[in-house]
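**Q** Have a look at this one before I ask anything.
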Amino acid sequence: MRIVMVGSGYVGLVSGACMADFGHNVTCVDKSVDKIDALNAGKVPIYEPGLETIIDHNRAAGRLHFSKELAGPVADADVIFIAVGTPARRGDGHADLSYVYAATREIAAAVTHFTVLVTKSTVPVGTGDEIERICREEFPEKDIVVVSNPEFLREGAAIIDFKRPDRIVIGTEEPRAIEIMREVYRPLYLNEAPLFFCERRTSELIKYAANAFLAMKISFINEMADLCEMLGTDVQKLAKGIGMDKRIGDKFLHAGPGYGGSCFPKDTLALVKTAQDHNSSLRLIETTVAINENRKRAMGRKVIAACDGSVRGKKIALLGLTFKPNTDDMRDAPSISIIQALQDGGADVHAYDPEGMDAARQLLGDVTYGNDAYEIADAADAIVLVTEWDEFRALDFRRLKLCMKTPILVDLRNIYPASEVKRHGFVYFSIGKKA
Ligand code: UGA
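In this text, residue positions in the sequence shown follow the working numbering: the first is 1069, and each later residue adds one.
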């Protein structure tokens, strides 16, 4: 099967590489000359565990190709995926679909025979209809079926999510497209991953509703964490206690500094806008968004409170900057708001992140970066654990205590038992527990 992936960003690259790994012949196309040159030189532009190995292996096997040119690969393809970006439009929060429609026109112009055109990008309900309209009205001689197939992979766990998904959602009712899509995912089907076919608009909405529901779970547990702090109860035990009920489930109930990344913030906002455009209200999601924005700002205040109410002239060391571990992605990371609040309060901010410092340098001013946790903790007035990278899970507290000015740890991911940290003479603050 010949597959073209248009857009070699996060989703396109991971999906393309994994499909090649299934044995399909895949060409990933991108307009960025630098990106394609880098990929053809064996360099992977994003940090994702396991991705480089899969790319190397499949390039060597001749199944995975990277191209700046779209027309040639598209003319030969059985199925073409659109995986270009859909950033939040400046000003109104709507998903910006200009890249999707530009790609549609370029693809449709190059198609030579019956082709299935699949949107993998996260797109609002009705986008498939518009793509179909463009194809039908502007390229009436072309035989193209438009399908929705949203992606549910998580950064940092993308390969495993792609290869062992809970489900594959496919929005089409066209028999020829159903057959082709079954063929694309046949290797996963054999792994017993359920293929869920539905109408195209429903498939588009499933993607947004899934992300919004997960974001809502996080905002729920974060609010419960605040209540736990007031009541002197423990949010981790609370999450466990409710999560054991299978109707609730134990996933996405980790209280923390708020959700970030390229998906939840953008998709919740876009879903709210869609609802508003259709005179429907999504008050739960609107509130989820507001809680999360407040949450990120409140974390800066929490650190300041832990430092006796002032960080003026104090050295604060941040462990972790990315929105979650195993990624170099800084988009909407809680660390951005936290650093802003600390700097507004007069703090001297030092930071270390295993993968995110290059991206952080582009975004943050006046931060001093170090090479590891101990370097930035030297003479610090407090350390703040912002992202739960593995290498922060077994810190040498004896060493930290010796080098820090005051032994204060603010653990925004609840990765340490209070007793262990306090045993080493630290003042310990966590989330959703009595200080
Ligand atoms: C999310 C979804 O989990 C994927 O299913 C989806 O495909 C993806 O968005 C997307 O739309 O492309 P991702 O943003 O990579 O994936 O990361 P998550 O693991 O979902 O984490 C998002 C944020 O929520 C992070 O900031 C994380 O720290 C936070 N989070 C997650 C919590 O604060 N608590 C939790 O219990 C779980």
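For each residue, glycine too, the CB sits at the ideal point set by N, CA and C. Please read all numbers here as calculations on a predicted model, not as lab measurements.
Could you work out which residue in I1122, E1206, R1250 is closest to I1228 when comparing CA atoms only?
**A** I1122
**Q** Starting from C1266, follow its DSSP beta bridges and name the residues at the other end.
**A** G1239
**Q** Rounded C-beta distance between V1147 and V1184? I'm assuming under 8 Å.
**A** 4 Å
**Q** If we ignore side chains and look at the alpha-carbon of each, how far apart do V1215 and I1274 end up?
**A** 14 Å
**Q** Can you grab the Cα-Cα spacing for the pair I1444 / L1386, in whole Å?
**A** 8 Å
**Q** Strictly by DSSP, which residues pair up with C1156?
**A** Correcting the residue identity first, residue 1156 is Ala in this sequence and not Cys. Answer is A1163, bridged to A1156.
**Q** Can you tell me where the beta strand (DSSP E) with T1187 in it begins and where it stops?
**A** Note, T1187: beta strand (DSSP E), 1183-1187.
**Q** Return the chain-ordered ranges of every alpha helix (DSSP H) run that is complete within the region 1459-1496 and spans a minimum of 4 residues.
**A** List check, alpha helix (DSSP H) in window: 1465-1471, 1486-1491.
**Q** Taking 7 Å as the line, does the beta carbon of C1331 fall inside it for any heavy atom of the ligand UGA?
**A** Of the heavy atoms belonging to the ligand UGA, at least one sits nearer than 7 Å to the Cβ of C1331.
**Q** Assign H1322 to one of three DSSP states: helix, strand, or coil.
**A** coil
**Q** May I ask which residues mark the beginning and end of the alpha helix (DSSP H) holding S1405?
**A** 1402-1412
**Q** Confirm, please, whether the CB-CB distance from G1368 to L1410 is below 8 Å.
**A** Against a cut-off of 8 Å, the Cβ pair of G1368 and L1410 comes out as a contact.
**Q** Could you tell me the alpha carbon to alpha carbon distance between M1398 and G1433, rounded to whole angstroms?
**A** 14 Å
**Q** Starting from T1356 and walking both ways along the alpha helix (DSSP H), at which residues does that stretch end?
**A** Unbroken alpha helix (DSSP H) run through T1356: 1351-1374.
**Q** Evaluate the contact criterion for the region 1420-1433 versus the region 1472-1488: three or more CB pairs, one atom per stretch, below 8 Å.
**A** No, they do not touch.
**Q** Would you decide whether M1298 is buried or exposed? Buried here means 16 or more other CB atoms lie within 10 Å of its CB.
**A** exposed
**Q** Is K1305 near the ligand UGA - that is, is its Cβ less than 7 Å away from at least one heavy atom of it?
**A** no
**Q** Going by DSSP, what residues sit across from N1093 in a beta bridge?
**A** R1070
**Q** For K1392, verify whether its CB is less than 7 Å away from any heavy atom of the ligand UGA.
**A** yes
**Q** Out of A1128, Y1442, T1356, point me to the one whose CA is closest to I1384's CA.
**A** Y1442
**Q** Contact criterion: CB-CB distance below 8 Å. Does D1440 meet it with respect to chain C?
**A** Structure shown: chain C not included; a single protein chain is present.
**Q** Is N1259 buried or exposed, if buried means 16 or more other CB atoms sit within 10 Å of its CB?
**A** Flag for N1259 reads exposed.
**Q** How many angstroms separate the CA atom of M1249 from the CA atom of G1196?
**A** 16 Å
**Q** Whole angstroms are fine: how far does the CA of A1163 sit from the CA of V1191?
**A** 7 Å
**Q** Between which residues of its own chain and R1269 is the CB-CB distance below 6 Å, once the five residues before and five after are set aside?
**A** V1193
**Q** At which residues does the beta strand (DSSP E) containing L1138 begin and terminate?
**A** No beta strand (DSSP E) holds L1138; DSSP gives it neither H nor E.
**Q** Are there 16 or more other CB atoms within 10 angstroms of the CB of P1262, so buried, or fewer, so exposed?
**A** exposed
**Q** On the premise that A1280 lies in contact with D1335, defined as a C-beta separation below 8 Å, what is that separation, rounded to the nearest angstrom?
**A** 7 Å
**Q** Tell me the DSSP secondary structure of V1454 in three-state form.
**A** coil
**Q** Pull up the CB-CB distance for L1480 and I1499, whole angstroms please, since I reckon it's below 8 Å.
**A** 6 Å
**Q** Which residues bound the alpha helix (DSSP H) around L1339?
**A** Per DSSP, L1339 belongs to the alpha helix (DSSP H) from 1332-1345.
**Q** Name the residue from L1453, I1404, A1447 whose alpha carbon lies nearest to the alpha carbon of V1435.
**A** I1404
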